[in-house]
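Below is one structure; the comments refer to it alone.
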Amino acid sequence: MRIKSLSRYFLTGLSALCVLCSVGCGGTSFQKKPAIPDDRQPIPEPKTQHINIAADIIAKQFADQLEQSLDLSRQLRNLTGKRKQAYNIDSFGEVPNSSWFTNRNAHERLSVDEVRRGPDTETGPPATGTWTVIRAKTEGVTPGFHIEDSRGEKYVMKFDPKGYSELATGAELVGTKLFHAAGYNVPENYLVWFDPSVLKIGSNVEITDKEGRQRLMQTSDLQEILERIEKQSDGRIRAVASRYVRGKLKGPFYYIGTRDDDPNDFIPHQHRRELRGLRVMAAWLNHFDTKANNTLDVYDPAGFIKHYLIDFGSTLGSQGDEPMPPYIGYEESVDIHEILKSTASLGMFVEPWEKVGGITYPAIGHYRSYDFKPERYKFILPNPAFELMTHRDGYWGAKMVMSFSDEQIRAAVSTAQYSNPEAAEYLIRTIIERRDIIGQYWFEKMPPLDFFAVEPLENKDVISFRDLAIDWGVGDPEKRAYRYVLQSGSHVFASGEVDVANLAVHLPSISDFEQNKQKDYLHLQVFAKTSQNGAWSQAVHAFMEPDKVSGQFRLAGVQREE
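Set out below in structure tokens:
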């Protein structure tokens, strides 16, 4: 099959590049990466993939950790700081559009209306007419059901826990808008209010009762579900109607390995930058539960598998069925390190999260910024992709988070329609503060020099760039400085410093380059001096090549040192 041969060619070429990269990826060697095959090619319909949640939890918490500890090559890479780099990146360190991710806000900032609209293509189920219950869940802590509206559209209905109006539905809506704007595939989620009288039970709807027996759903079962759901003072119910994704559901995806029955799925998931970098965005929005069962593979009508993130009702300050406990983000579900620390101190050591007070806003829950440290954020279970995140992956994720303006965040929060303006303002402020903490951490660790571009200026080419810490308000322009070297091999065309007001370097003429070049590429190294410690950063490398058609230089790639 052509897809398999293309993927084999790509991975072979990539392996060769990885060998070169291990020798000199932090230095001046550069080779264009092979084009990544488009993973949206039509394929035969795959089978549905089922996940045993309990077995997956045990594997992630214990078996996988033991296996990794015995992987000597992995441990050596961790100790030397030379982890495997992501496979699915281009010559600029970016992720091409794919069945997993579409470059949006960090690539070109969306309007506030686009953020507010998110993935939505309609307005949700009409409040009038009949909503037919076609599937229901009565067991567990989060009861719910699926409906078909009067137009034949189907939705998963999601609700707030009793006593916490707007908590889970608000988190679901805000998370949906922000993850979509970042570039991830998410369902269309609509905020609705409805009178329970519009509901009717469809024919042959089965449920599992308290005794574990399967039987037809009755009116009393529906009433039992409604009794466990938060209602408005007028008797209506606030809910999120999650529209059925177009296509055929094929189960969750794992954050490791590939699907055997999908020829397009040739890059191991743990080596995809958009899944590694998701760690940064998930920490930002307190998306602590990034297990496989919060993902979804769909056989798209166009004939390929499309990969979704789903269920954002357990983000921000919501745990879905209750407010987020204060320890979330600070301890794993079974955290050996924390258990040993508590045991060694005879229980005397008090974690900072244990000092957190009560909930100020029931619609928001526990979501704070004052003790947020992105580098220490812990998820409920180890995530194979997150554990392999490199500094380059982290920078990519931080750039995605920092691309959101205050106005865009405000637009996303507005879709939750919180009834208490103070609660909404608190959430907006906290999201912004956590965003800036992420930027301050990652932009200090990796110099945020980006968006390199070759452009004409006064009959000569210049290469310009941006300092994202300055652009996005987490750096002090008074304390920034930039040093550069422009060379080809050992031949230096120019060197010096530029200031924050003019981040551009003049390039030699094509003829001068051709006469003096020692390598195929014109190579710019840029170093930044930051306000944090006054030291020069590692270099960011931009490579250019002559374009014989235009007679100008063109950008060929960008590399970042770790």
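Heads up: the sequence shown begins at 121 in the numbering used here, then just goes up one per residue. Glycine included, each C-beta is placed from N, C-alpha and C at the ideal position.
**Request:** Mind listing, in chain order, the continuous beta strand (DSSP E) runs of no fewer than 3 residues lying wholly within the region 318-406?
**Result:** 319-321, 326-328, 334-336 and 357-363
**Request:** Measure from the alpha carbon of Arg-555 to the alpha carbon of each residue in Gly-478, Met-522, Glu-578 and Thr-296, then state which is nearest.
**Result:** Within the sequence shown, residue 555 is the residue found at index 435, counting from 1. Nearest C-alpha to Arg-555: Met-522.
**Asked** Which of helix, strand or coil does DSSP assign to Val-476?
**Response** Here residue 476 is taken as the residue at index 356 of the sequence shown, counted from 1. In the structure shown, Val-476 sits in coil (DSSP, three-state: anything other than H, G, I, E or B).
**Nonlocal neighbours in the same chain, by C-beta distance under 6 Å from Phe-605, ignoring five residues either side** = Indexing the sequence shown from 1 puts residue 605 at position 485. In the sequence as presented, Phe is not what sits at residue 605; that position holds Val. Ser-615 and Gln-645, listed in sequence order.
**Request:** Locate the alpha helix (DSSP H) running through Tyr-515, then write down its first and last residues.
**Result:** In the sequence shown, the residue the question calls residue 515 occupies position 395. Element bounds for Tyr-515: 511-522.
**Asked** If you run the structure through DSSP and keep just helix, strand and coil, what is Val-143?
**Response** Stepping through the sequence shown from its first residue, residue 143 is reached at position 23. Because Val-143 carries a pLDDT of 34, less than 50, the predicted location of this residue cannot be relied on, and no value is offered for it.
**Asked** Should Glu-542 be labelled buried (16 or more other beta-carbon atoms within 10 Å of its own) or exposed?
**Response** In the sequence shown, counting from the first residue as 1, residue 542 sits at position 422. It counts as exposed.
**Prompt:** Can you tell me where the beta strand (DSSP E) with Phe-314 in it begins and where it stops?
**Reply:** Taking the sequence shown and counting its residues from 1, the one referred to as residue 314 is at position 194. 309-314 is the extent of the beta strand (DSSP E) around Phe-314.
**Request:** Pick helix, strand or coil for Tyr-428, following the three-state DSSP scheme.
**Result:** Here residue 428 refers to the residue found at position 308 of the sequence shown. Strand, per DSSP.
**Prompt:** Would you call the region 223-238 and the region 509-529 in contact, with 3 or more CB pairs under 8 Å?
**Reply:** yes
**Request:** Per DSSP, which residues does Arg-586 bridge with? Please list them.
**Result:** Position 466 of the sequence shown, counted from the first residue, corresponds to residue 586. DSSP output for Arg-586 lists Asp-570 as bridge partner(s).
**Prompt:** Hey, how far is the Cα of Ser-534 from the Cα of Asn-503?
**Reply:** Locating residue 534 in the sequence shown gives position 414, where the first residue counts as 1. Locating residue 503 in the sequence shown gives position 383, where the first residue counts as 1. Taking the straight line from one Cα to the other gives about 31 Å.
**Option nearest Gln-638 by Cα separation, candidates Ser-629, Val-620 and His-611** = For this step, residue 638 is matched to residue 518 along the sequence shown. Among Ser-629, Val-620 and His-611, the Cα nearest to that of Gln-638 belongs to His-611.
**Message:** When you compare the CB positions of Gly-485 and Pro-421, do they come within less than 8 Å of one another, or not?
**Reply:** Position 365 of the sequence shown, counting from 1, holds the residue named residue 485. Position 301 of the sequence shown, counting from 1, holds the residue named residue 421. Not in contact: Gly-485 and Pro-421 (Cβ atoms no closer than 8 Å).
**Request:** For the beta strand (DSSP E) containing Glu-495, list its first residue and its last residue.
**Result:** For the purposes of this step, residue 495 is taken as residue 375 along the sequence shown, with counting starting at 1. That residue, Glu-495, is in no beta strand (DSSP E); it is neither H nor E in DSSP.
**Message:** Just verifying my parser: in three-state terms, what is the DSSP assignment at Val-533?
**Reply:** The sequence position of residue 533 within the sequence shown is 413, counting from 1. Note: Val-533 maps to helix in three-state DSSP.
**Asked** Opposite Gly-264 in the DSSP bridges: which residues?
**Response** Locating residue 264 in the sequence shown gives position 144, where the first residue counts as 1. Answer by DSSP bridge pairing, in chain order: Lys-257.
**Prompt:** What separation, rounded to the nearest whole angstrom, lies between the Cα atoms of Pro-640 and Ser-608?
**Reply:** Residue mapping note: residue 640 aligns to position 520 of the sequence shown, counting from 1. Residue mapping note: residue 608 aligns to position 488 of the sequence shown, counting from 1. Checking the displayed sequence, the identity of residue 640 turns out to be Asp instead of Pro. Those two C-alpha atoms are separated by around 8 Å.
**Asked** Near Ile-327, what residues of its chain come up, given a Cβ to Cβ distance below 6 Å and the 5 sequence neighbours on each side ignored?
**Response** As a working note, residue 327 is residue 207 in the sequence shown. Excluding positions up to five away in sequence, the list reads Ala-256, Thr-258, Met-337 and Asp-341.
**Message:** On the DSSP bridge list, what partners appear for Gln-679?
**Reply:** Within the sequence shown, residue 679 is the residue found at index 559, counting from 1. In the DSSP output, where bridge partners are listed per residue, Gln-679 has His-661.
**Request:** To the nearest angstrom, report how far apart Pro-666 and Phe-673 are at their CA atoms.
**Result:** By one-based count along the sequence shown, residue 666 stands at place 546. By one-based count along the sequence shown, residue 673 stands at place 553. So the alpha carbons of these two residues sit roughly 4 Å apart.
**Prompt:** Bridge partners of Gln-439, per DSSP?
**Reply:** Counting from 1 along the sequence shown, the entry for residue 439 is found at position 319. The partner list for Gln-439 (beta bridge, DSSP) is empty, contrary to what the question assumes.
**Asked** Taking buried to mean at least 16 other C-beta atoms within 10 Å of its own C-beta, is Glu-394 buried or exposed?
**Response** Taking the first residue of the sequence shown as 1, we reach residue 394 at position 274. That one is buried.
**Request:** Please state whether DSSP places Phe-673 in a helix, a strand or coil.
**Result:** Along the sequence shown, read from residue 1 onward, the residue named residue 673 stands at position 553. Three-state result, Phe-673: strand.
**Message:** Which residue wins for smallest C-alpha separation from Glu-617, given the options Trp-592, Val-232 and Lys-649?
**Reply:** On the sequence shown, residue 617 is found 497 positions in, with the first residue counted as 1. Ranking the options by Cα distance to Glu-617, first place goes to Lys-649.
**Prompt:** What's the gap between the Cα of Tyr-561 and the Cα of Asp-417?
**Reply:** To locate residue 561, count along the sequence shown from 1; it is residue 441. To locate residue 417, count along the sequence shown from 1; it is residue 297. Each residue's Cα considered, the two are about 33 Å apart.
**Request:** Just tell me which of Gly-595, Val-582 and Val-669 has its CA closest to the CA of Leu-642.
**Result:** In the sequence shown, the residue the question calls residue 642 occupies position 522. Checking every option, the nearest Cα to that of Leu-642 belongs to Val-582.
**Inter-residue CB distance, Lys-167 and Asp-381 (contact presumed, cutoff 8 Å)** = Translated into the one-based positions of the sequence shown, residue 167 becomes position 47. Translated into the one-based positions of the sequence shown, residue 381 becomes position 261. About 6 Å separates the two Cβ atoms, so the contact holds.
**Message:** Just list the residues that DSSP pairs Glu-617 with in beta bridges.
**Reply:** As a first step, residue 617 is located in the sequence shown; it is residue number 497 there, counting from the start. Bridge partners of Glu-617: Arg-603.
**Asked** To the nearest angstrom, how far is it from the Cα of Asn-653 to the Cα of Asp-441?
**Response** Position 533 of the sequence shown holds residue 653. Position 321 of the sequence shown holds residue 441. Cα-Cα distance, rounded: 44 Å.
**Where Ser-539 sits in the DSSP three-state scheme** = For the purposes of this step, residue 539 is taken as residue 419 along the sequence shown, with counting starting at 1. In this structure, Ser-539 counts as coil in the three-state DSSP scheme.
**Where Ser-693 falls: helix, strand or coil (DSSP)** = Residue 693 falls outside the range modelled here, since the chain spans only 121 to 682, and no answer is possible.
**Asked** Any idea what DSSP makes of Asp-667, helix, strand or coil?
**Response** Counting from 1 along the sequence shown, the entry for residue 667 is found at position 547. Three-state DSSP puts Asp-667 in a strand.
**Asked** Would you call the region 362-374 and the region 398-418 touching, i.e. three or more CB-CB distances under 8 Å?
**Response** yes
**Inter-residue CB distance, Ala-659 and Glu-681 (contact presumed, cutoff 8 Å)** = Translated into the one-based positions of the sequence shown, residue 659 becomes position 539. Translated into the one-based positions of the sequence shown, residue 681 becomes position 561. Between Glu-681 and Ala-659 the Cβ distance is about 6 Å, and since that is below 8 Å, they are a contact.
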